[in-house]
Amino acid sequence: MPTSIERFREALHHNCTDFGVQLIDSDIEQLSDYYALLLKWNPRLHLVAPCTPEEFATRHILESLVLIQHLPSNARVADIGSGAGLPLIPCLLVRHDLRVTLIDSSQKKLTFLREALRHANSATPGRLIGARFENIPAPEADFITCRALDRFPAMLPKLIDWAPVNSTLLIFAGTALRRQLETLLGVTKVDQIPKSARRFLIIAKPSRSRRSSFL
141 MPTSIERFRE ALHHNCTDFG VQLIDSDIEQ LSDYYALLLK WNPRLHLVAP CTPEEFATRH
201 ILESLVLIQH LPSNARVADI GSGAGLPLIP CLLVRHDLRV TLIDSSQKKL TFLREALRHA
261 NSATPGRLIG ARFENIPAPE ADFITCRALD RFPAMLPKLI DWAPVNSTLL IFAGTALRRQ
321 LETLLGVTKV DQIPKSARRF LIIAKPSRSR RSSFL
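Quick note on numbering: the sequence shown equals residues 141 to 355 in this note's numbering.
Structure below.
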């Protein structure tokens, strides 16, 4: 019977092209090491809800890697509520040029993130910040990502206002959050996540005028 890691690898091989992602053997090896690390830590920290290796490969890893096509070389990316490191740890494992900042208020999760970053062979070491995003100045970043956040609908206006000037938001959203983003930001680009009817990646650049309306 195949192990969890073997099933995970097979799911990446089988599904990556559906997500517009090309993975070489070394990418899959690094992503498998990350999955093994998460399996080790998850019983203690509850980083992600229990799921099959196939679900983790598609719902978490390949969904995260959808970001890659939107990130130019050497992009500076800050992630809010990083938790298990999704989406940026998988992106960093296959794109070593990225310069990432992971922000999470849980010290326990920061311990896991520090260990995960240690395994990433990135050109620039990832930066960790242990705080709620609204309590710190925004780091220098070209892109702001967020995949999960406590009280996401209530915090969304604060996140938009907090984002650095001229940065681009890359927000993973369900149907309700997509509608809220479109209301708050006006014109946005929406990419539907492959293999999901209700998951979207919202790409938007908040304007100064809309920022002022949140104050």
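Ideal Cβ placement from N, Cα and C applies to all residues, glycine included.
Query	Result
By DSSP, does residue 216 sit in helix, in strand, or in coil?	strand
Looking at C-alpha atoms only, which residue of 297, 205, 271 is the closest neighbour of residue 167?	205
Starting from the C-beta of residue 303, find all residues in its chain whose C-beta is less than 7 Å away, skip the five residues before and the five after it, and write them out in chain order.	278, 284, 309, 346
In angstroms with no decimal places, state the Cα-to-Cα distance between residue 217 and residue 247.	21 Å
Quick check on this structure: which residue in 174, 255, 316, 280 has the alpha carbon closest to the alpha carbon of residue 292?	316
Who are residue 331's beta bridge partners in DSSP?	341
Can you give the beta carbon distance from residue 151 to residue 197, rounded, assuming they're within the 8 Å contact cut?	4 Å
Can you grab the Cα-Cα spacing for the pair residue 328 / residue 141, in whole Å?	46 Å
Rounded to whole angstroms, what's the CA-CA distance from residue 294 to residue 320? Just pull it up for me.	10 Å
Count the other CB atoms within 10 Å of the CB of residue 241; is the residue buried (16 or more) or exposed (fewer)?	buried
Expressed to the nearest angstrom, what Euclidean distance is found between the alpha-carbon atoms of residue 162 and residue 171?	13 Å
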